[in-house]
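Notes follow the structure.
Residue numbers (the numbering used here): 20 to 293.
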């Protein structure tokens, strides 16, 4: 096994049609290693990528793009741009029928309707429940994701949903748990989605009150924020139902010790694939 020297963080690109893009490299593990740069990326959807954006993404040598959007999301924003030689894996982590009326109201509803469905802490409560449900209901999809990522031909990989925050955020967290990344580092990376240049642009219907008004922003904020309590809900759910992250990975997702070591060899500094 050849020892690798730590890599320097690459400069972050300015993508005009892709929000919330970043390299997940550099995060520390509990055994003193770090996630390798240039192996694992996350972002919002690629449907609006410009030719320049697509050129940059192609330069990363991506082998796989995981799209966690459902059919309704894709109808709204459009399919990802095609990148030459990249395998696109659509793996919906939410049901398009579940909450369709809710999201229509968010996009097109008047202020009274928004107060009714989002006010009084209901928006944040909905987000907390969404994170809990991803952990409990999407074990088959997360297991398949880890299985694919353990294959040489799948890496480098980019994971995204719509905003690159919730479905992609929980999926990245699962991968990082499997790699042994420190919990605080996982949360710190997740919270980067709050930075102004990364945030999803809130789009509302032509007749809806603009999203920029203070009350609308306050009502919609919990849906578009990355809040520590959301990701902590996912972690707490894992511990409540499986007792530990290791048991969740092994029993809930079927991650074998051999496959876990393979993931670490592919994604961590100081480890070479066998």
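Glycine residues also receive a C-beta, built at the ideal position from the N, C-alpha and C atoms.
Assuming contact is defined by CB atoms lying nearer than 8 Å, are residue i and residue j in contact in what I supplied?
i	j	result
residue 250	residue 188	yes
residue 165	residue 264	no
residue 72	residue 56	no
residue 77	residue 111	no
residue 149	residue 185	yes
residue 68	residue 98	no
residue 179	residue 64	yes
residue 84	residue 177	yes
residue 273	residue 169	no
Can you give the beta carbon distance from residue i to residue j, rounded, assuming they're within the 8 Å contact cut?
i	j	result
residue 62	residue 89	The pair is not a contact, with the Cβ atoms about 17 Å apart (cut-off 8 Å).
residue 238	residue 145	12 Å between Cβ atoms; not a contact.
residue 143	residue 241	4 Å
residue 36	residue 158	Residue 36 to residue 158, Cβ: 33 Å. No contact.
Nearest CA to the CA of residue i: which residue from the options?
i	options	result
residue 192	83, 273, 172 and 252	252
residue 255	232, 235 and 154	154
residue 206	182, 245, 111 and 273	245
residue 138	58, 235, 202 and 127	235
residue 29	60, 49, 50 and 52	60
residue 278	180, 49 and 198	198
residue 201	49, 27 and 168	49
residue 87	248, 213, 183 and 209	183
Cutting at 7 Å between CB atoms, please list the residues of its own chain near residue i, excluding the five before and the five after it.
i	result
residue 80	175
residue 217	38, 39 and 211
residue 276	none
Closer than 8 Å by C-beta to residue i: which residues in its own chain qualify, once you throw out the five before and the five after it? Chain order, please.
i	result
residue 292	Residue placement at residue 292 cannot be trusted, given a pLDDT of 45 that sits under 50; the coordinates are not used to answer.
residue 124	132, 133 and 136
residue 25	Residue placement at residue 25 cannot be trusted, given a pLDDT of 48 that sits under 50; the coordinates are not used to answer.
Taking 6 Å as the limit between beta carbons, can you name the residues of its chain near residue i, skipping five residues before and five after?
i	result
residue 204	46 and 47
residue 267	257 and 261
Within the continuous alpha helix (DSSP H) that includes residue i, where are the two ends?
i	result
residue 94	90 to 96
residue 260	247 to 261
residue 27	Residue 27 -> no alpha helix (DSSP H), and no H or E assigned at all.
residue 77	70 to 78
Need the endpoints of the beta strand (DSSP E) that residue i sits in, please.
i	result
residue 179	176 to 179
residue 62	59 to 62
residue 108	106 to 109
residue 84	83 to 86
Measure from the C-beta of residue i to each C-beta in chain D and report whether the shortest distance is under 8 Å.
i	result
residue 112	Chain labels in this structure do not include chain D; a single protein chain is all it has.
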